[in-house]
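Single-structure report; data block below.
Protein chains: 2
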Amino acid sequence: MHRPEHLKNAGLKSTLPRLKVLDLFENGKERHLSAEDVYKQLLGSGEDVGLATVYRVLTQFERAGLLVRHHFEGGKSVFELNKGEHHDHILCLQCGHVEEFHDKAIEARQEKVAGELGFAIRDHSLQLYADCTRKKCPHKP
Amino acid sequence: MHRPEHLKNAGLKSTLPRLKVLDLFENGKERHLSAEDVYKQLLGSGEDVGLATVYRVLTQFERAGLLVRHHFEGGKSVFELNKGEHHDHILCLQCGHVEEFHDKAIEARQEKVAGELGFAIRDHSLQLYADCTRKKCPHKP
DNA sequence: TTGCAAATAAGAACGATTATCATTTGCATA
DNA sequence: TATGCAAATGATAATCGTTCTTATTTGCAA
Ligand SMILES: [Mn+2]
Ligand SMILES: [Mn+2]
Ligand SMILES: [Zn+2]
Ligand SMILES: [Zn+2]
Chain A
1 MHRPEHLKNA GLKSTLPRLK VLDLFENGKE RHLSAEDVYK QLLGSGEDVG LATVYRVLTQ
61 FERAGLLVRH HFEGGKSVFE LNKGEHHDHI LCLQCGHVEE FHDKAIEARQ EKVAGELGFA
121 IRDHSLQLYA DCTRKKCPHK P
Chain B
1 MHRPEHLKNA GLKSTLPRLK VLDLFENGKE RHLSAEDVYK QLLGSGEDVG LATVYRVLTQ
61 FERAGLLVRH HFEGGKSVFE LNKGEHHDHI LCLQCGHVEE FHDKAIEARQ EKVAGELGFA
121 IRDHSLQLYA DCTRKKCPHK P
């Protein structure tokens, strides 16, 4: 999917740490990763990156539009590949599972409400914290 | 409005720092305050409280249901008096002004979306980051 | 190849928050 | 009203996620 050229196009040198981080997001198991997640996974696969580099690269990728940053509860930033289209999240309070959704009606109402109050929305953040009932949930009720 | 009895009812001793903090939320200018806001305002009015106490009291009030905590962008928790009814927020990116709103349609759609995905919502967080056009905005375009 | 700006790794520094602990205080009881 | 003591406080250390600093390394254009 992504290749060294993509970094170039984003105005970023194609360096080993950057390629490794990008690869994690493209080919890794989980879609939503914190800086610590990325750092530990890289260490785990024998890669030798510094934590500071991980933070720097994540921020650069965000600025370049390759990644999107979220502020879920828990105090740490979470990143994911930028799919181009906006979506919101449901987070399972038991197992941590993250589900994505997009609801046109919600998005439209947000615009309406803001407009009526004299605001022009630039960005928004919506998270639903919930209990899931999916089969694989390790905390199934 | 609130009195020492309210603290008692919440299982909290009526102490000076607690009364001062509560008073700030009830009679202060601003409705949404961070721990630092509370601390500085108390210092400013000659009260001698420790920052650690402010943090402790805010958390206790939250647990007791007197305050509600929000995680707006910016990294610090923001608290407000618990009005009993849920609402969401619009935050002006220029002047920091915070507006409250409640939209039944949005709330209903959230339930619907979650239900269809096999989730039962326990809590949610919605913030609109926007540019405001109110008269008093010090950064009016 | 070489040169050099850009990127890195390690660790210090940072801001928000929590933990520790000796001292003080609210308040129930005598 | 005086006393006892658990609970609360305030100073400060510690923690956690993140950013900054700086000496060293690296990508890459010439
Ligand atoms: Mn997502
Ligand atoms: Mn509010
Ligand atoms: Zn949305
Ligand atoms: Zn809501």
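The listed protein sequences derive, respectively, from chains A and B.
The numbering used here applies: residue 1 is where the first sequence begins, and numbers increase by one.
The numbering used here applies: residue 1 is where the second sequence begins, and numbers increase by one.
All C-beta atoms, glycine included, are put in the ideal place defined by N, C-alpha and C.
The model shown is predicted, which means the values in this text are computed figures rather than measured ones.
| Item | Value |
| --- | --- |
| Interface flag, methionine 1 of chain A vs chain B, CB-CB below 8 Å | Because the pLDDT of methionine 1 of chain A is 46, which lies under 50, any placement of that residue in the model is unreliable, and the question is left without a value. |
| Alanine 105 of chain A classed as buried or exposed, judged by whether at least 16 other C-beta atoms fall within 10 angstroms | exposed |
| Arginine 56 of chain A, DSSP secondary structure in three states | helix |
| Pairwise C-alpha distance: threonine 59 of chain B and asparagine 9 of chain B | 16 Å |
| Heavy atom of ligand 2 within 7 Å of glutamate 80 of chain B beta-carbon | yes |
| Proximity of aspartate 37 of chain A and leucine 93 of chain A at Cβ, strictly below 8 Å | no |
| CB of leucine 128 of chain A within 8 Å of CB of histidine 124 of chain B, strictly | yes |
| Touch test, the region 76–84 of chain B against the region 27–46 of chain B, Cβ-Cβ under 8 Å, three pairs minimum | yes |
| Histidine 142 of chain B versus isoleucine 90 of chain B: straight-line alpha-carbon distance, rounded | The requested residue 142 of chain B is not part of the displayed model; chain B covers only 1 to 141. |
| Test: histidine 71 of chain B CB closer than 8 Å to a CB of chain A | yes |
| Local Cβ density within 10 Å of methionine 1 of chain B, reported as buried at 16 or more and exposed below that | The predicted model places methionine 1 of chain B with a pLDDT of 46, which falls under 50 and marks its position as unreliable, so this point remains unresolved. |
| Valine 57 of chain B beta carbon less than 8 Å from that of valine 98 of chain B | no |
| Cβ-Cβ separation, leucine 42 of chain B to leucine 24 of chain B (assumed contact under 8 Å), whole Å | 7 Å |
| Identified DSSP bridge partners for glutamate 101 of chain A | According to the sequence as given, residue 101 of chain A is phenylalanine; it is not glutamate. Partner(s): A:Asp88. |
| CB contact check: glutamate 36 of chain A to chain B, cutoff 8 Å | no |
| Any non-hydrogen atom of ligand 3 within 7 Å of aspartate 88 of chain A CB | yes |
| Residue-chain proximity (cysteine 95 of chain A, chain B), Cβ-Cβ < 8 Å | no |
| Inter-residue Cα distance where the pair is threonine 133 of chain A and phenylalanine 119 of chain B | 6 Å |
| Among B:Lys29, B:Gly74, B:Tyr39 and B:Gln110, nearest to proline 143 of chain B - alpha-carbon criterion | Residue 143 of chain B is absent from the model: chain B starts at 1 and stops at 141. |
| Residue of A:Thr53, A:Glu85, A:Lys112 and A:Gln110 minimising C-alpha distance to leucine 66 of chain A | A:Glu85 |
| Under the three-state DSSP convention, the category glutamine 94 of chain A falls into | coil |
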